[in-house]
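Everything in the sequence shown is counted per the numbering used here, starting at 0 for the first residue and increasing by one.
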Amino acid sequence: MAAAEPRIITLLIDKIQSGLYRAEAQSHGSQVTEPSVYSSISDAIRVEARAVPSSFAQYMEVRYCGLSSGTLGLEEAVQRCEVIASRLLSLNAEMKAMAAV
């Protein structure tokens, strides 16, 4: 009998406007959570990762503006949400700067 494959949630975050972000968790392209609005990317990561039952999924990938955090354990996502958000914002700024050249 084959071992069950770990499920990975994809957290899609879009900027609505400065200080407002829409987040929605998906699994294999199907919506897992209703879209919610947060005041920061880190809040979205923290709340959404905590909301996933460990019996449903064990891992999360955060996507923002076409960028990916890579795959993280749910608890790691909660603990490192500020670092993950900062990294995604830095990469996004770097991409915009490169596009402007």
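Every residue, glycine too, gets a C-beta built ideally from N, C-alpha and C.
Judged by pairs of C-beta atoms under 8 Å, the region 36-48 touches the region 69-86, as three or more such pairs exist. When DSSP assignments are scanned along the region 25-75, the uninterrupted stretches of beta strand (DSSP E) that are 3 or more residues long and fall wholly within it turn out to be 35-37, 58-63 and 66-72. In the DSSP secondary-structure assignment, Arg21 is bridged to Asp13 and Val36.
The region 6-22 makes contact with the region 52-68; the number of CB pairs closer than 8 Å reaches 3 or more.
The Cβ atoms of Leu88 and Ile40 sit closer than 8 Å to each other. Between Ala50 and Thr32, the C-beta gap is smaller than 8 Å, which places the two residues in contact. Residue pairing by DSSP puts Ile7 in a beta bridge opposite Tyr58.
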